[in-house]
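Student: As you go down the protein sequences, you meet chains A and B in turn.
Quick note on numbering: the first sequence equals residues 1 to 303 in full-length UniProt numbering.
Quick note on numbering: the second sequence equals residues 1 to 303 in full-length UniProt numbering.
What follows is a single structure, and I will ask about it in a moment.
Number of protein chains: 2
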Amino acid sequence: MSYPLRVKLVDVGPRDGLQNEKQLVPAAVKIELVHRLQAAGLKEIEVTSFVSPKWVPQMADNAEVMAGIARQPGVRYSVLTPNLKGFEAALLSKPDEIVVFGSASEAFSQKNINCSMAESIDRFAPVVAAAREAGIFVRGAMSCTVGCPYEGEIAPERVDYLAGLMKGIGVQHVGVADTIGVGTPLKVQRAVEATLKHFDINQVSGHFHDTYGQALANSLICLQMGVWQFDTSVAGLGGCPYAKGATGNVATEDVVYMLHGMGIETGIDLDQLINAGQFISDYLGRPSNSRAGKALFTKRLTS
Amino acid sequence: MSYPLRVKLVDVGPRDGLQNEKQLVPAAVKIELVHRLQAAGLKEIEVTSFVSPKWVPQMADNAEVMAGIARQPGVRYSVLTPNLKGFEAALLSKPDEIVVFGSASEAFSQKNINCSMAESIDRFAPVVAAAREAGIFVRGAMSCTVGCPYEGEIAPERVDYLAGLMKGIGVQHVGVADTIGVGTPLKVQRAVEATLKHFDINQVSGHFHDTYGQALANSLICLQMGVWQFDTSVAGLGGCPYAKGATGNVATEDVVYMLHGMGIETGIDLDQLINAGQFISDYLGRPSNSRAGKALFTKRLTS
């Protein structure tokens with residue numbers, strides 16, 4: 001069994017994480033979080049979303065946050081863009097990468113954005129074209145690739161279909177997301193295999209939620225398939241909107257702990273990462289959702 | 001990659017779990033927990049320990065608990081026996097299996113029982129002989145096979161050495177335990193490989209702690225090696241004595257969720273298992289440590 005020598009983690013905490021937290025977090029705190037993440041060695045950070053503040057008030061400060069970051073050379077700053085209007089607003093903030101999205105579940109697509117999977121991807125075509133024209137890298141987030149809160153289990157054929165649609169409009173990289181955390185290793189493997197029909201292994205990342213505690217096992221099976229890019233969220237920021245009180249995004253700390261333990265390089269300083277996680281958990285007034293983060297922080301206090 | 005078709009889980013919650021909980025739990029509650037575990041389909045349960053009540057007051061009711069269980073055919077009831085005196089007391093309770101133990105760390109052995117690894121195993125020789133004479137199966141729990149709270153990382157050679165000592169005194173099965181949860185997949189793989197020099201794959205089980213969130217990833221790598229027996233603890237009972245407030249034993253619910261998701265049979269009814277976990281968590285007055293347990297319980301409440 002061979003494993004990648006090096007893994008790249010994209011911390012999605014400031015966007016995917018904080019968007020799903022109940023509390024509104026001030027721009028200054030978000031900026032400080034981004035600064036702490038880049039100080040810890042993260043080379044890509046999903047910073048914010050250029051979505052209507054009517055729908056997502058948590059991200060209303062998108063331009064302010066992007067403007068406030070002291071950018072570090074070699075770090076990429078990505079933003080979510082739900083439509084052309086969002087993309088045009090995002091453009092002013094000079095992101096390195098934009099994220100467009102689609103669901104592998106028709107029911108989720110209908111409930112969430114009131115259109116079919118194909119329609120939702122079609123609508124992104126001008127965004128992708130404009131981004132590529134502007135030299136901005138385009139990542140596609142594929143949600144519900146294993147299970148859907150409305151439809152239940154999702155067949156790999158639906159992932160194949162969605163990945164094909166994403167490829168068709170010029171998306172350059174896709175994330176295979178288990179949005180509700182129901183995936184287990186073999187189901188995740190099949191979702192990734194379906195994606196690999198359209199994208200190269202270097203164009204695919206894993207995005208797992210720890211709602212059922214499965215995220216590291218799912219990451220391990222991906223590593224064994226050669227996947228070397230993952231989305232993670234510092235301190236496990238972001239709950240699960242479909243199971244209140246449950247865990248959402250896998251914690252960056254837990255993934256880094258596993259990778260370093262396996263001798264896989266990440267370029268991340270775990271101690272500094274734990275500080276970043278503790279900073280935002282303290283701000284939110286609750287313990288970190290990272291098991292490794294909590295254990296190492298407790299150890300630090302008692303030693 | 002092939003996986004076992006069927007996995008056997010040994011729920012160690014009543015013993016290993018409750019022994020490490022601060023609260024004293026009455027015998028009646030322990031008995032009810034065992035009944036709920038067997039109703040959920042567990043085929044082996046580590047019930048109690050015949051250790052001096054001076055050292056482990058939580059297990060002072062060992063004989064009472066063993067006597068109170070309405071035993072179910074096909075279910076095995078095991079007990080921990082730290083010495084010959086404990087074994088003789090245990091014998092009266094007619095266990096199907098006894099558990100002896102040793103550490104792969106010299107420092108841990110010295111600090112914990114004030115003797116060397118070899119001495120500690122030697123002391124168990126008469127216990128093992130007496131048990132086998134009485135037709136009782138002997139399992140050996142090998143602690144600190146990946147890391148030790150005093151020594152740090154443990155080399156696979158120490159596991160090889162300990163497994164050889166266990167084999168030498170007639171132990172019939174060994175559990176490879178990551179007592180402090182610091183293990184990651186490749187380290188665990190090496191510990192299991194060292195054990196397999198002395199024991200057949202059918203004589204080896206994995207025993208993982210989720211302190212750093214790694215238990216399911218470690219279980220997955222074991223499954224890939226052919227290991228099909230694991231110790232788990234309902235609701236993740238049992239904290240980590242070396243990192244206060246941190247998670248201890250991996251939750252049975254999380255492991256069952258993964259196995260069933262992978263199409264691996266366990267004979268366990270996850271719904272009933274969650275009830276068992278909720279029962280003991282409610283008694284202890286705190287949420288379950290199982291992520292799958294919490295997510296499924298929340299889902300049940302809201303659907």
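Every residue gets a Cβ at the ideal spot worked out from N, C-alpha and C, and that includes glycine.
In this text, all values refer to a predicted model and were calculated from it rather than measured experimentally.
Bridge partners of B:H173, per DSSP?
Tutor: B:R139
Student: Chain B beta carbons: is any one of them nearer than 8 Å to that of A:Y150?
Tutor: no
Student: Got a sec: which bits of the stretch 83-96 of chain A sit with their beta carbon under 9 Å from any beta carbon on chain B, in order along the chain?
Tutor: none
Student: Bridge partners of A:V250, per DSSP?
Tutor: In the DSSP output, where bridge partners are listed per residue, A:V250 has none listed.
Student: Using a Cβ cut-off of 8 Å (strictly closer), state whether B:D210 contacts chain A.
Tutor: By this cut-off, B:D210 is an interface position.
Student: Report all residues from its chain with a CB closer than 8 Å to the CB of B:A67; omit the five preceding and five following residues, and keep chain order.
Tutor: If we look at B:A67 and ignore the five residues flanking it on each side, its Cβ neighbours are S93.
Student: Taking buried to mean at least 16 other C-beta atoms within 10 Å of its own C-beta, is A:N114 buried or exposed?
Tutor: exposed
Student: So B:A215 and B:G263 are in contact, right, with Cβ under 8 Å, and what is the actual spacing, rounded?
Tutor: Under the criterion of beta carbons closer than 8 Å, B:A215 and B:G263 do not qualify as touching, at roughly 20 Å.
Student: Pick helix, strand or coil for B:I98, following the three-state DSSP scheme.
Tutor: strand
Student: Please tell me whether B:Q214 has its Cβ less than 8 Å away from any Cβ of chain A.
Tutor: yes
Student: Mind listing the chain A neighbours of B:G263? Cutoff is C-beta to C-beta under 8 Å, in chain order.
Tutor: Contacts between B:G263 and chain A, judged by CB atoms closer than 8 Å, involve L186 in chain order.
Student: Thinking C-alpha only, which one of A:E46, A:L165, A:A217, A:A70 is nearest A:P97?
Tutor: Residue identity differs from the one stated: residue 97 of chain A is Glu in this sequence, not Pro. Nearest C-alpha to A:E97: A:E46.
Student: Bridge partners for residue 304 of chain A per DSSP, in chain order?
Tutor: Because chain A in this structure spans residues 1 to 303, residue 304 of chain A falls outside the shown range and cannot be described.
Student: Counting only beta-carbon separations shorter than 8 Å, does B:D178 have a partner in chain A?
Tutor: No, no contact with chain A.
Student: Assign A:Q229 to one of two classes, buried (16 or more other C-beta atoms within 10 Å of its C-beta) or exposed (fewer than that).
Tutor: buried
Student: Which residues mark the beginning and the end of the beta strand (DSSP E) in which B:T232 is found?
Tutor: 229-232
Student: How big is the Cα-Cα spacing for B:E151 and A:P149?
Tutor: Cα to Cα, B:E151 sits roughly 46 Å from A:P149.
Student: Considering only residues of the same chain and omitting the five flanking positions on each side of B:K294, which have a CB-CB separation below 8 Å?
Tutor: P287, S288
Student: Going by beta-carbon coordinates alone, are B:T252 and B:L259 separated by less than 8 Å?
Tutor: no
Student: In this structure, does DSSP put A:L5 in helix, strand or coil?
Tutor: Note: A:L5 maps to coil in three-state DSSP.
Student: Give the single residue among A:K22, A:V51, A:P14, A:Q23 whose Cα lies nearest to the Cα of A:R36.
Tutor: Distance from the Cα of A:R36 is smallest, within the candidate group A:K22, A:V51, A:P14, A:Q23, for A:P14.
Student: Within a Cβ cutoff of 7 Å, which residues of the same chain sit near A:L284, ignoring the five residues on either side of it in sequence?
Tutor: E21, Q23
Student: Tell me which residues share the same chain as A:Q19 and place their Cβ nearer than 8 Å to its Cβ, disregarding the 5 neighbours each side in the sequence.
Tutor: Cβ within range, chain order: S49, V56, Q58, M59, G238.
Student: Quick one: does B:D254 have its CB under 8 Å from some CB of chain A?
Tutor: yes
Student: Could you check the C-alpha separation between A:D160 and A:H198 for me, to the nearest Å?
Tutor: 8 Å
Student: Residues in its own chain within less than 8 Å of B:P26 by CB, not counting five upstream and five downstream?
Tutor: D61
Student: Report the residues of the stretch 122-150 of chain B with a CB closer than 7 Å to any CB of chain A, ordered along the chain.
Tutor: The stretch 122-150 of chain B vs chain A, Cβ under 7 Å: nothing.
Student: Taking Cβ-Cβ distances shorter than 8 Å, what residues in chain B pair up with A:R158?
Tutor: Going along chain B, no residue has its Cβ under 8 Å from A:R158, so there is no contact; the nearest lies around 18 Å.
Student: Identify, in the order they occur along the chain, each residue of the same chain with its Cβ nearer than 7 Å to the Cβ of A:A129, setting aside the five sequence neighbours on each side.
Tutor: G170
Student: Please say whether A:D254 and A:R300 have beta carbons closer to each other than 8 Å?
Tutor: no
Student: Residues in its own chain within less than 6 Å of B:T184 by CB, not counting five upstream and five downstream?
Tutor: Q214
Student: Using the beta-carbon of each residue, which ones in chain B are nearer than 7 Å to A:L37?
Tutor: What A:L37 touches in chain B: nothing, since even the nearest Cβ is about 19 Å away.
Student: Run through DSSP, which three-state label would B:D210 get?
Tutor: coil
Student: Is the CB of A:A235 under 8 Å away from at least one CB in chain B?
Tutor: no
Student: Given that B:L220 touches chain A, what residues does it touch there, using C-beta distances under 8 Å?
Tutor: Within chain A, the residues near B:L220 are P185, A217, L220, I221.
Student: Is the distance from the Cβ of A:P82 to the Cβ of A:V34 below 8 Å?
Tutor: no
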